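Sequences listed follow chains G and F, in order.
Mapping of the first sequence onto this note's numbering: position 54 corresponds to residue 357, and the numbering continues sequentially without gaps.
Mapping of the second sequence onto this note's numbering: position 11 corresponds to residue -8, and the numbering continues sequentially without gaps.
All remarks here apply to the structure that follows.
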Amino acid sequence: MSVRNQGIVPIRVEQDVVLARQAVRKLAQECGLRLVDQTKLITAASELARNAVIYGGGGDMDWQILDEEGRSGLRLTFRDEGPGIGDIRQAMTDGWSSGTGLGLGLSGAKRLVSEFELDSAPGKGTRVSIARWT
Amino acid sequence: MAELQQRTLDALQKNEGWLLQAWNVDLAGSGADQDRRMSAEELGQQTADFLQLLVKGVRQGGGAGITDEAWAAARGFLEKLSRSRALQGFESQHTANFIFSLKRPLFTLLQRDLSDDPRLLAEQLWAISEILDMLGLFTVASFQKSREEVIRRQQEELLELSTPVVKLWDGVLALPMIGTLDSQRTQVVMESLLERIVETGSEIAIIDITGVPTVDTLVAQHLLKTVTAIRLMGADCIISGVRPQIAQTIVHLGLDLQGIVTKANLADALALALKRTGLSVVKA
């Protein structure tokens, strides 16, 4: 697996979510993802970026365009230094939210992508990595 | 921070006329007077006004920074100048140059008048340079603030513009949504839609999301709330413009839009709305 290109998009305030979404759209097109896959990845990124702002107090999105055996993919990693998630199983449950949302962001994002990795502990911040391949 | 000595102040005051002239020449050299956005007279008036304020500032405030009362008038002047420059569409660099182009004439003057005391000269050059730098930075900061104000105003205007509620038929309203549905905009959209429903006595509202690129859980939540509010008012709501990729995304996200009537495009939504109001379209 080789990294074709990579970069960082800061997500500090609510407006940055829109910018992150636009960045992902451009990258997904560059990567050659189909329209449906683009839309799914953008929506997942939108959820995770908003989580990073609202619950994590802001963070960063790392992106990587990957090449592997004739297929390419886009990997996004959302990092924040927020309070972290205490009960990951509960957080991944449909309909559960510690805030006022619908409680579908995290679990929905997982269903929208082909790779999903969540790494978090109380006081350690949260790191979510997602990827989608052509 | 170095203090300005009496000799410097005297030199400044005595040579105000010469300074002004030299400053204007320098500004003209940088092409500032060639700009059609501002007349040479206007620029001349600004330099004259500011030089007076500067001399007053250094006389009363000495070299102790530009944040105190003695510099209030000069700061006010620069704020006004930056704002007008921002509105006229000048660059920040150009605006800052208004101050920085004063350096050469001031240095020349001090070199001439204090040449007998090199120690004092160096110290005074440093002091005056510090003041000019602070004034320059202040100018750039206020310029940026004015620019941001312009941007904020445009954003607010956009907020109003992007929420047109249109009447498609008697009793049928449509709201074509475009762009990002952030919480602030959705609030405005919802209010104007609910008001128009009351005003027109409409029974059906169609929310068209063809122009919304991403439907995530927050957007869905806003839509659900709007639909609920419309129903509470006794009207009905149809969501149109659900494209294939959006439909698939909604399914995977696990959003429950059951109980809400959705259509792929606005035409289908209008046809349904007409049918519900008891109307049918036939070929003439």
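Even glycine gets a Cβ: it sits at the ideal position worked out from N, Cα and C.
The structure displayed is predicted, hence computed values, not measured ones.
- In chain order, what residues of the same chain have a beta carbon less than 8 angstroms from the beta carbon of Gly398(G), not counting five sequence neighbours either side? Leu405, Gly406 and Leu407
- Message: Is it buried or exposed, Asp(-9)(F), if we count other Cβ atoms within 10 angstroms and call 16 or more buried?
- Response: exposed
- Pull up the CB-CB distance for Ser7(F) and Arg85(F), whole angstroms please, since I reckon it's below 8 angstroms. In the sequence under discussion, the amino acid at residue 7(F) is Asp, which differs from the Ser named in the question. About 6 angstroms; that satisfies the 8 angstroms criterion.
- Message: For Arg353(G), report the span of its beta strand (DSSP E) as first-last.
- Response: Per DSSP, Arg353(G) belongs to no beta strand (DSSP E); it is in the alpha helix (DSSP H), Leu338 to Ile357.
- chain G beta carbons: is any one of them nearer than 8 angstroms to that of Gly42(F)? Chain G contact via Cβ: absent.
- When Cβ atoms are compared, which residues of the region 121 to 145 of chain F fall closer than 8 angstroms to chain G? none
- Query: Alpha carbon to alpha carbon, what distance is there between Ala3(F) and Thr120(F)?
  - Reply: 21 angstroms
- Message: If contacts are defined as beta-carbon pairs under 8 angstroms, then Arg382(G) and Leu369(G) qualify, I think. What distance do you get, rounded to the angstrom?
- Response: Arg382(G) to Leu369(G), Cβ: 18 angstroms. No contact.
- Item | Contact list for the region 221 to 250 of chain F against chain G, Cβ threshold 8 angstroms | For the region 221 to 250 of chain F, residues whose beta-carbon sits nearer than 8 angstroms to a beta-carbon of chain G comprise Pro225, Gln226, Ile227, Gln229, Thr230, His233, Leu234, Gly235 and Leu236.
- Query: Taking 8 angstroms as the CB-CB limit, is Thr437(G) close to chain F?
  - Reply: Interface annotation, Thr437(G): not in contact with chain F, CB-CB separation never under 8 angstroms.
- Note down, one range per segment and in chain order, each alpha helix (DSSP H) of at least 4 residues found wholly within the region 89 to 174 of chain F. 99 to 142
- Message: With three or more C-beta pairs closer than 8 angstroms as the rule, is the region 101 to 119 of chain F touching the region 146 to 153 of chain F?
- Response: By the C-beta criterion, the region 146 to 153 of chain F is judged not to be in contact with the region 101 to 119 of chain F, since fewer than 3 inter-stretch pairs fall below 8 angstroms.
- For Arg257(F), the three-state DSSP class (helix, strand or coil): helix
- Message: Measuring straight from C-alpha to C-alpha, what distance separates Met115(F) and Glu104(F)?
- Response: 17 angstroms
- Just confirm the distance between the C-beta atoms of Leu32(F) and Glu60(F), as a whole number of angstroms; I'd bet it's less than 8 angstroms. With 8 angstroms as the limit, Leu32(F) and Glu60(F) do not qualify as a contact, their Cβ atoms being about 17 angstroms apart.
- Are the C-beta atoms of Gln202(F) and some chain G residue less than 8 angstroms apart? Against chain G, the CB of Gln202(F) has a partner CB under 8 angstroms away; the residue lies at that interface.
- Which two residues bound the contiguous beta strand (DSSP E) that contains Ile190(F)? Ile185 to Gly192
- Query: Does the beta-carbon distance from Gly281(F) to Phe81(F) come in below 8 angstroms?
  - Reply: Only positions -18 to 265 of chain F appear in this structure, which leaves residue 281(F) out of reach.
- Query: Under 8 angstroms between C-beta atoms, does Asp94(F) make it to chain G?
  - Reply: Taking 8 angstroms as the CB threshold, Asp94(F) stays off the interface with chain G.
- Under the three-state reduction of DSSP, which class applies to Glu420(G): helix, strand or coil? Reduced to three states, the DSSP call for Glu420(G) is strand.
- Task: With 8 angstroms as the threshold, decide whether the Cβ of Met181(F) is near any Cβ in chain G.
- Result: Per the sequence presented here, residue 181(F) reads as Thr, with Met not at that position. No, Thr181(F) does not count as interfacial toward chain G.
- Task: Kindly indicate if chain G contains any beta-carbon less than 8 angstroms away from that of Leu199(F).
- Result: In terms of beta-carbon proximity, Leu199(F) lines the interface with chain G, with at least one pair separated by less than 8 angstroms.
- Task: Would you kindly work out how many angstroms separate the C-alpha atoms of Ala412(G) and Thr403(G), rounded to a whole number?
- Result: 17 angstroms
- From Pro386(G), Glu384(G) and Arg414(G), residue whose alpha carbon lies closest to that of Thr396(G): Comparing Cα positions, the closest option is Arg414(G).
- Mapping DSSP to helix, strand and coil, what is Gln309(G)? Strand.
- Query: Exposed or buried, what is Lys244(F) when buried is set at 16 or more other beta-carbons lying within 10 Å of its beta-carbon?
  - Reply: Lys244(F) counts as buried, since at least 16 other C-beta atoms from the protein chains shown sit within 10 angstroms of its C-beta.
- Can you give me the start and stop residues for the alpha helix (DSSP H) that Ile80(F) sits inside? Run containing Ile80(F): Ser73 to Phe81, per the alpha helix (DSSP H) assignment.
- Rounded C-alpha distance that separates Pro145(F) from Leu83(F): Between the alpha carbons of Pro145(F) and Leu83(F) lies a distance of about 51 angstroms.
- Under 7 angstroms Cβ-Cβ, which residues of chain F neighbour Arg353(G)? Leu199
- Between the beta-carbon of Leu187(F) and the beta-carbon of Ile211(F), is there less than 8 angstroms? In the sequence under discussion, the amino acid at residue 187(F) is Ile, which differs from the Leu named in the question. Not in contact: Ile187(F) and Ile211(F) (Cβ atoms no closer than 8 angstroms).
- Would you mind giving the Cβ-Cβ distance between Leu190(F) and Ala254(F), rounded to the nearest angstrom? I have them listed as a contact below 8 angstroms. The residue asked about is misnamed: residue 190(F) is Ile in this sequence, not Leu. Not a contact, Cβ separation roughly 16 angstroms.
- Task: Would you please state the rounded distance, in angstroms, between the beta carbons of Gly387(G) and Gly426(G)? I believe it to be under 8 angstroms.
- Result: 6 angstroms
- Query: What residues are listed by DSSP as bridge partners for Asp370(G)?
  - Reply: Ser305(G) and Ser375(G)
- Buried or exposed: where does Arg435(G) fall if 16 or more other Cβ atoms within 10 Å of its Cβ makes it buried? buried
- Query: By DSSP, does Ala67(F) sit in helix, in strand, or in coil?
  - Reply: Assignment of Ala67(F) by DSSP, reduced to helix, strand and coil, places it in the helix class.
- Item | Cutoff 8 angstroms: Ile345(G) Cβ touching any chain F Cβ | yes
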